[in-house]
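Asks: My questions all concern the structure below.
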Amino acid sequence: MNPFNPSSGHEPRRLRRHPAMRRMLREHHLRATDFILPVFLVEGEGVRTEISSMPGVFRHSIDSALQLCAEAVARGVSGVLLFGVLEEHCKDATGSVSWDAEGLVQRAIRAIRSGYPQLLIIADACFCEYTAHGHCGVLDAGGDRDDYATLENLQRQAISYAEAGVDVVAPSGMVDGMVMAIREALDAARHPQVGILSYAVKYASAFYGPFRDAADSAPQFGDRKGYQMDPANRREAFREMALDIQEGCDMVMVKPAMAYLDVIRDLRERCDLPVLAYQVSGEYSMLQAAARAGWLDLQSSVLESLLGIKRAGADAIITYYALAAADWLG
Ligand code: PBG
Numbered sequence: 441m442n443p444f445n446p447s448s449g450h451e452p453r454r455l456r457r458h459p460a461m462r463r464m465l466r467e468h469h470l471r472a473t474d475f476i477l478p479v480f481l482v483e484g485e486g487v488r489t490e491i492s493s494m495p496g497v498f499r500h501s502i503d504s505a506l507q508l509c510a511e512a513v514a515r516g517v518s519g520v521l522l523f524g525v526l527e528e529h530c531k532d533a534t535g536s537v538s539w540d541a542e543g544l545v546q547r548a549i550r551a552i553r554s555g556y557p558q559l560l561i562i563a564d565a566c567f568c569e570y571t572a573h574g575h576c577g578v579l580d581a582g583g584d585r586d587d588y589a590t591l592e593n594l595q596r597q598a599i600s601y602a603e604a605g606v607d608v609v610a611p612s613g614m615v616d617g618m619v620m621a622i623r624e625a626l627d628a629a630r631h632p633q634v635g636i637l638s639y640a641v642k643y644a645s646a647f648y649g650p651f652r653d654a655a656d657s658a659p660q661f662g663d664r665k666g667y668q669m670d671p672a673n674r675r676e677a678f679r680e681m682a683l684d685i686q687e688g689c690d691m692v693m694v695k696p697a698m699a700y701l702d703v704i705r706d707l708r709e710r711c712d713l714p715v716l717a718y719q720v721s722g723e724y725s726m727l728q729a730a731a732r733a734g735w736l737d738l739q740s741s742v743l744e745s746l747l748g749i750k751r752a753g754a755d756a757i758i759t760y761y762a763l764a765a766a767d768w769l770g
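Under our numbering, the first residue of the sequence shown is numbered 441, with each subsequent residue one higher.
Take a look at the structure:
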C-alpha cells in the first residue's frame, strides 16, 4: 500500500468534489415533460375537495380541472390521466355511464381538448369507479368477473373516449385480451390515431388504498387478486408484457413503481416500446405523511424517488407530484 495514498489511486470521490463535475457527470435527469398528472373528476361547478387520505390532492369539477390543466401546461407537464368519480346513484352493475357520450369523463376530454390542445389527454379505461359493486368489470352469477362481457364494454368505453377526443386510452382492469379488443374497436370505429397505454403489469397492491378512497372504487366484496398480479411474481410480468405487445399496445406500464423497480428495469431491457411507471396513491401518501410529520424533506425525497423510477428505466412517470416536481425542477 502506498503510505501517501491508501486508496492506491482509486478514488471515485475525485469525480464528486466539484459541483460542476457532479453536474456534468450526472447520468439521469428529471424533466417536467417526464410527468403525467392523474386528475379525479366530479360533477358540479367550482368543486375542489381535498381527498383526506391524499392531502394536497383534490377531486375537481370540470371547470376546476381546467385550472389544473393550465398549471400543468405552464409547468411543461406532458399530460393528464383522467378518472371519473361518480355518485352512488349513477353507478350500476356494468358501469354503463362510462360509455355515455355525455358522461363526466367525455365532457372533460372535450373541454380539455379545446382549452389545452398542448396537453396529452389519457383516460383510464376501467369500471371499478363506475360499478356499484366496485369490481373492474361485469360479474357473473357467481361473483367472478365475466371477462368476455367486460371486453365488450371496454370497447364501448374506448370508442366513446375516442369520439370525445382522447389521445390515449389506458386500460387498467387486467382483463386478458383487453388490448386487442380495444385496438380492434378503435380501428373499426376509425380512430386509428388513438393510442393504448396498457397497464400491462399491474400488481394486486396495498398501495392503491388511498386511490380507492379518492375514486370511491373499493370493491364492495372480495378483492382484485383474481385479476391483478401477485407481488411475488417477476417472471410473470414478461408474459403480461409480451401478450400486450402482441395485441398491439403502444406503451406498457408498471404499477406501482417504488416497490417494483426491478420489474421496470426488466421491461425496459426486454422491449422496445416506451415503458411508463405509475407512482401510485399509497406512494404519494407515504411520502406526504412522512414529510408532514417532519421525518423527511418532501422536495428532496420526492425528487429522489422519481429519479429512482427513471433510473430503473421508466420513460415517463404518472405521479400525483407532477406539478410540484415540475416546480421544484424549475
Ligand atoms: C382502476 C385503477 C386503480 C388505480 C388506477 N386505476 C385502482 C385499483 O386497481 O384498485 C390505482 C392508482 C393509485 O393508487 O394511484 N382499476
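All C-beta atoms, glycine included, are put in the ideal place defined by N, C-alpha and C.
1. Identify, in the order they occur along the chain, each residue of the same chain with its Cβ nearer than 6 Å to the Cβ of Ile704, setting aside the five sequence neighbours on each side.
2. State yes or no: is the C-beta of Val608 nearer than 7 Å to some heavy atom of the ligand PBG?
3. Are the CB atoms of Val615 and Gly583 within a distance shorter than 8 Å?
4. So Tyr648 and Ser721 are in contact, right, with Cβ under 8 Å, and what is the actual spacing, rounded?
5. Let's test the definition: count the other Cβ atoms within 10 Å of the Cβ of Thr571 and tell me whether it reaches 16, buried, or not, exposed.
6. With a threshold of 7 Å, establish whether the CB of Ser447 neighbours any heavy atom of the ligand PBG.
7. Would you kindly report the start and end of the unbroken alpha helix (DSSP H) that includes Gln719?
8. Near Phe661, which residues of its chain fall below 8 Å by C-beta distance, leaving aside the five closest residues on each side in sequence?
9. Return the residue from the list Ala764, Ile758, Ala766 that minimises the CA-CA distance to Pro478.
10. My output table needs one value for Leu559: the three-state DSSP class, helix, strand or coil.
11. Look up Leu637 in the DSSP assignment and give the residues it is bridged to.
12. With 16 as the cutoff for other CB atoms within 10 Å, does Pro459 come out buried or exposed?
13. By DSSP, does Phe475 sit in helix, in strand, or in coil?
14. Since Phe480 sits in a beta bridge, which residues does DSSP pair it with?
15. What are the start and end residues of the alpha helix (DSSP H) that includes Arg596?
16. Rounded to the nearest angstrom, what separates Ile491 and Phe498 at their Cα positions?
Replies: In this structure, then:
1. Val694, Ala717, Ala752, Gly753, Ala754
2. no
3. no
4. 6 Å
5. buried
6. no
7. Segment 715-719 is the beta strand (DSSP E) holding Gln719; no alpha helix (DSSP H) there.
8. His573, Gly583
9. Ile758
10. coil
11. Met691
12. exposed
13. strand
14. Arg499, Phe523
15. 587-604
16. 6 Å
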